[in-house]
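Trainee: Here you go, one structure.
2 protein chains.
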Amino acid sequence: MDADKRRQLRDAFGAFMTGVTVVTTNDAQGQPIGFTANSFSSVSLDPALLLVSIDKRSANFDNFTQCPHFAINILAEQQKETSNIFAQKIADRFSLVKWRKGEFSTPLLDDSSAWFECAMHQVVDAGDHAILIGKVEQFESCGTPGLGYYRGAYFTPYQNAESLIAGPNVVVSALIESAGQALVVKKESGYGLPSQTVNNRSVSETLKQVFDGLNIEASPGFVYSIWEDRQKKQQHIVFLCAQPTGSTLPAVQQGEWVDVHALAQLPVPDSAWKSLVDRFIRENAVGNYGLYYGDEVEGSVRHFFTPSHQEVV
Amino acid sequence: MDADKRRQLRDAFGAFMTGVTVVTTNDAQGQPIGFTANSFSSVSLDPALLLVSIDKRSANFDNFTQCPHFAINILAEQQKETSNIFAQKIADRFSLVKWRKGEFSTPLLDDSSAWFECAMHQVVDAGDHAILIGKVEQFESCGTPGLGYYRGAYFTPYQNAESLIAGPNVVVSALIESAGQALVVKKESGYGLPSQTVNNRSVSETLKQVFDGLNIEASPGFVYSIWEDRQKKQQHIVFLCAQPTGSTLPAVQQGEWVDVHALAQLPVPDSAWKSLVDRFIRENAVGNYGLYYGDEVEGSVRHFFTPSHQEVV
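Top line first, the protein sequences correspond to chains A and B. Residue numbering for the first sequence follows the working numbering, starting at 7 and increasing by one per position. Residue numbering for the second sequence follows the working numbering, starting at 7 and increasing by one per position.
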């Protein structure tokens with residue numbers, strides 16, 4: 007492959023957007039080591055497997071292919087600098103970030119959006135890289151918005167939205183999904199999402215007030231939907247928000263947790279809300295680990311997960 | 007693993023954002039088959055390898071693990087419906103989309119952001135999925151913005167930005183990178199990016215005029231940077247734009263193609279532009295296939311790609 011073709015291939019690979027991870031372990035002397043990678047993918051739910059590719063020219067190639075455990079830290083929007091640190095040749099990278107050791111002694115970076123401690127499951131030789139397949143032993147998701155990488159550059163969809171949204175007539179709503187349940191509030195005209203008008207506050211402040219009003223722990227996420235209410239001259243912006251791993255679905259005074267697939271049965275105020283709900287139900291089944299309600303997987307696995315919460319309407 | 011833990015793991019995996027692909031091949035009868043997947047990752051540049059995971063419960067598991075060739079179609083923002091079609095159990099999915107056969111007879115979806123035709127390289131058993139590793143035989147990137155998937159929902163950063171940006175005092179600029187070169191224009195105060203004021207047009211119309219003015223083929227991409235010029239009371243928004251695979255770097259009257267790593271030497275009008283350039287150079291080396299200028303890979307591989315264009319300043 008000539009140099010031109012190789013650059014073109016690199017650009018074409020870059021057409022698939024990704025998050026950014028820092029992969030960590032300890033070397034033979036017990037010192038923490040790590041590198042930035044966007045070649046991560048989840049693989050299997052049961053057993054819990056994930057993978058990441060490592061360049062054979064990496065100085066730490068042997069350490070990573072022979073380690074008993076490694077960790078994947080999925081970076082949050084605020085961690086651009088962390089990504090840069092672990093992508094450059096810097097003497098003591100770990101002195102520049104806050105970190106701790108996990109249960110399996112792998113270095114976990116503070117403030118990551120999520121982390122996974124893995125036992126090495128398999129190393130697959132693959133061209134100029136090796137694929138590390140890890141079995142997830144411990145994990146945690148913090149719900150904070152993730153840093154994106156696309157066409158050779160970071161992108162930060164939540165921060166961008168925050169910078170672009172302004173004005174007294176903007177209503178922000180929170181679409182909060184957790185463990186297959188979505189939080190809805192009963193309004194005069196039917197069920198809707200918890201929301202507030204931005205007024206002169208920032209979007210983050212406004213969403214924080216929404217969460218505080220519900221007394222739940224959640225983080226704002228990406229813009230999911232935007233529409234104009236021409237009668238009321240309002241712009242509606244829906245943010246997809248997330249809760250940390252293991253957080254309960256608290257019985258909220260002003261809202262109800264509803265199974266995502268039961269959302270379609272709720273009375274709704276208007277067609278904008280109806281179309282948003284239908285879209286969310288459909289998309290929620292798309293990913294690698296959708297619940298597969300009648301999708302391309304054979305047979306019905308509707309009860310793949312048994313409901314374990316009583317808040318379901 | 008109990009159902010709660012499994013849901014939590016699924017949510018944690020969802021903290022890594024991805025693009026969306028449709029994986030296609032032909033069954034034993036020569037009929038096109040395909041499924042939606044976000045478990046894609048590029049693996050190796052030389053040889054050119056990529057991977058995608060397939061659920062063992064898939065109706066087409068045997069067809070995909072035994073096929074000689076398969077294709078990866080990376081979906082564009084406009085292809086949400088295509089993603090839904092290939093994620094659901096629908097009788098004749100291919101009658102609902104426009105497609106053609108590639109050189110290796112794999113089905114390629116029209117209007118994808120990029121596609122790769124692959125020879126099967128290896129199938130790796132991995133828990134409830136199998137990992138298909140493909141050797142890229144043919145590929146093309148169209149430069150159009152990609153559809154994103156994050157926390158169980160699509161997101162469309164470019165469309166969102168287009169919906170949120172308005173006002174006469176918004177200046178949009180195009181950061182166009184192609185094969186390691188970026189397009190800059192000489193202005194009175196130093197080098198900058200090609201740009202125009204939005205006025206009452208849409209962002210897409212404005213960027214199209216920027217491209218037309220340069221007489222180049224390019225697509226608008228994600229928001230890369232936002233800042234306020236308080237003196238001029240202008241909001242500056244920089245879009246990361248892309249050219250299709252194989253497009254030349256035409257000698258543009260109003261601009262110059264500059265090697266990304268040479269951008270730092272250009273005289274610049276102000277600190278906002280300086281910081282943008284420095285950031286872009288740094289980030290461009292982060293990905294799996296960065297050029298590794300002094301990063302964590304051992305040794306200097308500065309000449310990994312030999313320059314083949316004469317337009318370099």
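Glycine is no exception: its CB is placed at the ideal position from the N, C-alpha and C atoms.
(1) Starting from PHE145/A and walking both ways along the alpha helix (DSSP H), at which residues does that stretch end?
(2) Is it right to say GLU168/A is buried, meaning 16 or more other beta carbons lie within 10 angstroms of its own, or is it exposed?
(3) Going by the beta-carbon positions, is the gap between PRO151/A and ALA82/A smaller than 8 Å?
(4) If you draw a straight line from the alpha carbon of VAL320/B to that of GLU183/B, how long is it in whole angstroms?
(5) Go ahead and label ARG106/B buried or exposed: buried means 16 or more other beta carbons lie within 10 angstroms of its beta carbon, across all protein chains shown.
(6) Can you give the Cα-Cα distance for GLU109/B and ALA268/A, rounded to whole angstroms?
(7) Determine which residues share a DSSP beta bridge with GLY198/B and list them.
(8) Thinking C-alpha only, which one of MET126/B, GLN72/B, THR27/B and ASN175/B is nearest ALA34/B?
(9) Give the straight-line distance between the Cα atoms of TYR298/A and VAL142/B, rounded to the nearest whole angstrom.
(10) Check each candidate in GLU223/A, LEU114/A, ALA120/A and VAL283/A and name the one with the smallest Cα separation from GLY25/A.
(11) Out of curiosity, what's the CA-to-CA distance linking GLY198/B and PRO275/B?
(12) Which one or two residues does DSSP pair with THR24/B in a beta bridge?
(13) When DSSP labels each residue in this structure, what does PHE92/B get in the three-state scheme?
(14) Residues of chain B with CB under 7 Å from ALA21/A, in chain order?
(15) Secondary structure at ARG207/B, three-state DSSP: helix, strand or coil?
(16) Looking at C-alpha atoms only, which residue of GLN215/B, VAL283/B, LEU272/B and ASN44/B is the closest neighbour of LYS86/B?
(17) Taking the alpha carbon of THR88/B as the reference point, which residue from VAL29/B, PRO74/B and PHE46/B has its own alpha carbon closest?
(18) Pull up the distance between the alpha-carbon of GLN237/A and that of PHE161/A, whole angstroms please.
(19) Flag GLN14/B as yes if its beta-carbon sits less than 8 Å from any beta-carbon of chain E, otherwise no.
(20) Using only CA atoms, which one of ALA77/B, ILE91/B and VAL209/B lies nearest to SER111/B?
(21) Counting contacts by CB-CB distance shorter than 8 Å, is ASP134/B in contact with chain A?
(22) Can you tell me the Cα-Cα spacing of VAL178/B and ASP284/B, whole angstroms?
(23) Specify the secondary structure class of ASN221/B as computed by DSSP and reduced to three states.
(24) Is there a C-beta anywhere in chain A that falls below 8 Å from the one on PHE245/B?
(25) Can you list, in chain order, the residues of its chain whose CB lies under 8 Å from that of PRO174/B, leaving out five sequence neighbours each side?
(26) Taking the C-alpha atoms as reference points, what is the distance between ALA172/B and ILE171/A?
(27) Is the stretch 127–147 of chain A in contact with the stretch 57–66 of chain A, if contact means three or more CB pairs nearer than 8 Å?
(28) Below 7 Å CB to CB, which residues in the same chain sit around ALA270/A once its five sequence neighbours on both sides are set aside?
(29) Do you know offhand how far GLY261/A's Cα is from ASN79/B's?
(30) Do GLN14/B and THR27/A have their C-beta atoms closer together than 8 Å?
(31) Counting only C-beta atoms, is ASN10/A closer than 8 Å to chain B at any point?
(32) When DSSP labels each residue in this structure, what does THR112/A get in the three-state scheme?
(33) Leaving aside the five residues before and after LEU153/A along the sequence, list all residues of the same chain whose C-beta is less than 7 Å from its C-beta, in chain order.
(34) VAL266/B: which of SER208/B, VAL216/B, PHE122/B and LEU181/B sits nearest, CA to CA?
(35) Identify the continuous alpha helix (DSSP H) that holds ALA185/B and give its terminal residues.
(36) Locate the alpha helix (DSSP H) running through ASN290/A, then write down its first and last residues.
Mentor: So, from the listed chains and residues:
(1) That residue, PHE145/A, is in no alpha helix (DSSP H); its beta strand (DSSP E) goes 135–147.
(2) buried
(3) yes
(4) Since the first residue of chain B shown is 7 and the last is 319, residue 320/B is not available in this structure.
(5) exposed
(6) 45 Å
(7) VAL191/B
(8) GLN72/B
(9) Its pLDDT being 35, under 50, TYR298/A is placed unreliably by the model, and the measurement read from it follows with that caveat. Their backbone Cα atoms lie some 30 Å apart in a straight line.
(10) ALA120/A
(11) 7 Å
(12) THR24/A and TYR155/B
(13) coil
(14) ILE80, SER119, ALA120, SER147 and GLY152
(15) coil
(16) ASN44/B
(17) VAL29/B
(18) 34 Å
(19) The structure shown contains no chain E; its protein chains are A and B.
(20) ALA77/B
(21) yes
(22) 19 Å
(23) coil
(24) no
(25) THR203, VAL204, ASN205 and ASN206
(26) 10 Å
(27) yes
(28) VAL283, ASP284 and ILE287
(29) 41 Å
(30) no
(31) Note on identity: in this sequence residue 10/A is Asp, with Asn being the wrong assignment. Answer yes: the Cβ-Cβ gap between ASP10/A and chain B drops below 8 Å somewhere.
(32) coil
(33) GLY25, VAL26, LEU81, ALA82, GLU83, GLN85, LYS86, SER89, TYR160 and THR162
(34) LEU181/B
(35) No alpha helix (DSSP H) contains ALA185/B, which DSSP labels as neither H nor E.
(36) No alpha helix (DSSP H) contains ASN290/A, which DSSP labels as neither H nor E.
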